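J.: Take 2 as the starting number for the sequence shown in the numbering used here and just add one per residue.
Ideal Cβ placement from N, Cα and C applies to all residues, glycine included.
All figures in this text were calculated on a predicted structure; none of them were measured in a lab.
Below is one structure. I have some questions about it.
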Amino acid sequence: MAVVLLIASVALLASGCGEDDEPDDGAGGDAALGEAVAETSNLSIHEPFVPAPPADTAALYFTMVDRDGEGDRLLGATTSVAAMTHLHSTVAEGDTSRMVPVEGGIVLPPDGLTELTPGGLHVMLMALGTRLEEGDTIAVTLQFERAGAVTIEVPVLTYADAEGAR
Ligand SMILES: [Cu+2]
């Protein structure tokens with residue numbers, strides 16, 4: 002069994018956040034991570050998107066980054082376009098997978114980041130009141146244990162664009 006070395010990206014994160022009004026210079030270790038769409042004193046939110054859903058259920062993805070070394074926890078989300086939201090993870094079962102509720106919220110580790118990505122963690126938007134289409138933007142308010150309510154504007158992408166965005 003090969004030994005896998007996990008190189009912590011803590012240094013990259015520590016240097017990359019917190020400069021407001023700084024043009025995107027591509028410097029810093031988090032160049033792969035888009036500019037924050039929302040920032041609180043303890044965390045930032047990056048690259049949110051919703052693939053345009055074929056039905057009345059959609060999934061919201063984004064990356065959250067800790068800024069103060071204390072971590073946080075995503076407890077839930079609300080949006081005017083969905084009557085109900087759930088925090089889900091995706092678990093593989095043989096050659097298929099299914100979504101399961103995340104008990105206790107989605108953890109943002111101290112000095113770390115948590116990615117909500119297709120095939121993994123996501124916020125499920127259920128009972129959509131309107132059909133979401135490519136080009137739409139929806140407002141979603143994320144509820145965090147420490148940061149409180151954080152509202153983000155989320156673009157609706159095609160599945161192909163959503164794949165390309167990764
Ligand atoms: Cu789900």
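Please tell me whether, using a cut-off of 6 Å, the distance from the CB of M65 to the nearest non-hydrogen atom of ligand 1 is below it.
T.: Taking the first residue of the sequence shown as position 1, residue 65 is located at position 64. Flag unset: Cβ of M65 not near ligand 1.
J.: Starting from D73 and walking both ways along the beta strand (DSSP E), at which residues does that stretch end?
T.: Within the sequence shown, the letter at position 72 stands for residue 73. Here the beta strand (DSSP E) through D73 covers 73-79.
J.: Measure the alpha-carbon distance for P49 versus G35 and round it to whole angstroms.
T.: Within the sequence shown, the letter at position 48 stands for residue 49. Within the sequence shown, the letter at position 34 stands for residue 35. Using only the alpha carbons, I get a separation of about 10 Å.
J.: Where does S98 land, buried or exposed, given buried means 16+ other C-beta within 10 angstroms?
T.: Along the sequence shown, one-based indexing puts residue 98 at 97. Its Cβ having fewer than 16 others within 10 Å, S98 is exposed.
J.: Taking the alpha carbon of S148 as the point to measure from, which residue in V124, S45, V51, D96 has its own alpha carbon closest?
T.: For the purposes of this step, residue 148 is identified with residue 147 of the sequence shown, where counting begins at 1. In the sequence as presented, Ser is not what sits at residue 148; that position holds Ala. The candidate whose alpha carbon is nearest that of A148 is S45.
J.: Is H47 close to ligand 1? I mean its beta-carbon at under 6 Å from any heavy atom of the ligand.
T.: Numbered from its first residue, the sequence shown carries residue 47 at position 46. False, no ligand heavy atom lies under 6 Å from that Cβ.
J.: Which full runs of the alpha helix (DSSP H) of 4+ residues lie inside the segment 116-166, going along the chain?
T.: Those alpha helix (DSSP H) runs which fall completely within the segment 116-166 and span 4+ residues are 160-165.
J.: Compute the distance between the beta-carbons of V151 and A39, then report whether it is under 7 Å.
T.: Counting from one through the sequence shown, the residue named residue 151 turns up at place 150. Counting from one through the sequence shown, the residue named residue 39 turns up at place 38. Yes; because the gap between Cβ atoms is below 7 Å, this pair is in contact.
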